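Engineer: Numbering (our numbering), first residue to last: 813 to 1160.
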Amino acid sequence: MTLPQTTTAAGVPAPGTPLLEVDDLHVEFRQRSGVVHAVNGVSYELAAGQTLAILGESGSGKSVSAQAIMGILDTPPAVIRGGIRFEGRDLLTMSAEDQRKIRGPGISMIFQDALSSLNPVYSVGWQIGEMFRVHRGASRKEAKRKAVELMDRVRIPAAARRVDDYPHQFSGGMRQRVMIAMAIALDPRILIADEPTTALDVTVQAQVMDLLKDLQRETGMGLILITHDLGVVNEVADDVAVMYAGRIVERGTVDDVFTDAAHPYTDGLMKSVPQVEAKGGRLQPITGQPPNLAAIPGGCPFHPRCSHRRLGAAAAPGRECATDVPPLRLVAPGREAACHYSEEVLGV
């Protein structure tokens, strides 16, 4: 994909420019045992106020792609290729110092495990306030005041009293709110939420997602939601990109993708979800296991598990599932899928 002109002659983002453009992103980890192909040609855009869900199983590459955007992967062992543009500026060609200036006020991230992401020997107020001390030069007193304001903003009760408490003194849901407070401290243009509801009960999950949507409405930030939870995606996202073996295999609006999947993997995900009305019915799991990213199968990486695969003489010319890699292509208005036989999956 060729990126459009994203800056004016003065270096200012052009009108209508997406906040984020990810173009043909590849991430590899080179090890003695071989090369792990974690992300394989991922491309997408994110606009202000948009919620894009990146959906996939563990090991699909969704979190690694987010870490590449944040610039927090060690290189080596990671090797990153492609383009990542934030407001028209290519993050991959920036110096480490310039990337650090964007982390926080430009792009921020909520990490998956709040307990392990927070430092157990510092109060939560100190950790939230660090954003203001480091990036804004605030005094300790001012940083603590800002921390209380943020804790109020993310609906932590008795914030003025609890600002001096430590992570272990908070419940899982409250720790996740602390992580959100840290992530939004500098009013980022883009927030990446990596499995923000993992290990939380259903009620707390709903509260956390409602909070993120309210914050998005207040600020107009773009939100990338990384998850394997179909229910969360259905509730809060505008668009969804489904990842498998480091590739986007389907992309479209949540309504379109969830109503009528165009890729066999997405279709399998939808059918594997228990249905309340189908009491006593059998679950329909996807057969097999996700591939080893150090030895991804040839052709379509999903073909060993796919009920729609065509092999040998049964395949159309140039569309043999074990040898010909299917491109991500338009299969319906606003819908893309990386499958040679998407029309069959759609029932067209």
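Think of the CB as a built atom: it goes at the ideal place given N, C-alpha and C, for glycine as much as any other residue. Nothing here was measured: the structure is a model prediction, and the numbers come from that model.
1. Looking only at its chain, what residues have a beta carbon closer than 8 Å to the beta carbon of PRO1116, apart from the 5 residues adjacent to it on each side?
2. Is the region 992-1003 in contact with the region 901-921, if contact means three or more CB pairs nearer than 8 Å?
3. Let me confirm a value: TYR934 is counted as buried when at least 16 other C-beta atoms fall within 10 Å, else exposed. Which label applies?
4. Counting pairs of Cβ atoms below 8 Å between the region 1030-1049 and the region 890-906, do you hit three or more?
5. Between which residues of its own chain and ILE896 is the CB-CB distance below 8 Å, once the five residues before and five after are set aside?
6. Using 10 angstroms around the beta-carbon of THR1071, count the other beta-carbons present and answer buried if the total reaches 16, otherwise exposed.
7. From the DSSP output, in three-state form, read off ASP1136 for me.
8. Could you compute how far the alpha carbon of VAL1052 sits from the alpha carbon of ALA1128?
9. As a quick exercise: from ASP1022, GLY1111, ASP1006, pick the residue whose alpha carbon is nearest that of GLY1130.
10. Please specify which runs of the alpha helix (DSSP H), each continuous and at least 4 residues long, are wholly inside the region 829-861, giving them in chain order.
11. Go to PHE1070, then tell me how far its alpha helix (DSSP H) extends in each direction, as first and last residue.
12. State yes or no: is the C-beta of THR1078 within less than 8 Å of the C-beta of VAL1054?
13. Can you tell me whether DSSP reads GLY941 as helix, strand or coil?
14. Which of the three DSSP states is assigned to LEU998 in this structure?
15. Quick one: Cα of GLY1162 to Cα of ALA878, how far?
16. By Cβ distance, which residues of its chain are closer than 7 Å to ARG987, with the 5 residues on each side in sequence left out?
17. For GLN911, which of PHE923, PHE898, PRO969 has the nearest alpha-carbon?
18. Thinking just about the alpha-carbon of each residue, which of ARG1141, ALA1106, PRO1076 is nearest to the one in SER1119?
19. Going along the chain, which residues of its own chain have a beta-carbon closer than 7 Å to the beta-carbon of ASP976, five neighbours each way excluded?
20. Applying the criterion that 16 or more other CB atoms from any shown protein chain within 10 Å of the CB defines a buried residue, is LYS913 buried or exposed?
21. With DSSP collapsed to three states, give me the class of GLN817.
22. Between MET943 and the rest of its own chain, which residues show a CB-CB distance below 7 Å, the 5 nearest in sequence each way excluded?
23. Report the residue ranges of all alpha helix (DSSP H) runs contained in full by the region 1022-1081; include only those spanning at least 4 residues, in chain order.
24. How would you write the range of the alpha helix (DSSP H) that GLU961 sits in, first residue to last?
25. Could you tell me whether the Cβ atoms of VAL1157 and THR863 are closer together than 8 Å?
26. In the DSSP assignment, what are the bridge partners of VAL891?
27. SER920 bridges to which residues according to DSSP?
28. Keeping to the same chain, check which residues put their C-beta closer than 6 Å to that of ILE1036; ignore five residues upstream and five downstream.
29. Between the Cα of GLN843 and the Cα atoms of LEU1081, CYS1133, GLY1159, ALA1106, which residue gives the shortest distance?
30. Grab me the residues of VAL960's own chain with a C-beta within less than 6 Å of its C-beta, minus the 5 sequence neighbours each way, in chain order.
31. Taking the C-alpha atoms as reference points, what is the distance between GLN981 and PRO932?
32. What residues match up with THR863 in a beta bridge as DSSP calls it?
33. Classify ASP910 as helix, strand or coil using the three-state DSSP reduction.
34. With distances taken between CB atoms, is the gap from VAL851 to GLY873 smaller than 8 Å?
35. Once you ignore the five residues that flank ILE861 on each side, which residues in its own chain have a CB closer than 6 Å to its CB?
Structural biologist: Put simply:
1. GLY1100, PRO1103, PRO1109
2. yes
3. exposed
4. no
5. LEU832, GLU833, VAL834, ASP835, LEU837, ALA880, ILE881, ASP902, LEU903, LEU904
6. exposed
7. coil
8. 29 Å
9. GLY1111
10. none
11. 1066-1071
12. yes
13. helix
14. coil
15. Because the chain is modelled from 813 through 1160, residue 1162 falls outside the range shown and cannot be assessed.
16. ALA926, LEU927, LEU930, PRO979
17. PHE898
18. PRO1076
19. SER935, GLY937
20. exposed
21. Because the pLDDT at GLN817 is just 44, under 50, the model does not fix this residue reliably, and the value given afterwards should be weighed accordingly. GLN817: coil per DSSP, three-state reduction.
22. GLY916, MET994, ALA997, LEU998
23. 1042-1048, 1066-1071
24. 952-965
25. no
26. GLU840
27. LEU1003
28. LEU864, ILE1004
29. ALA1106
30. ALA971, ALA972, VAL975
31. 10 Å
32. LEU1035
33. helix
34. yes
35. This sequence places Gly at residue 861; Ile is not what is there. Cβ neighbours of GLY861 beyond the five flanking positions: GLY1032.
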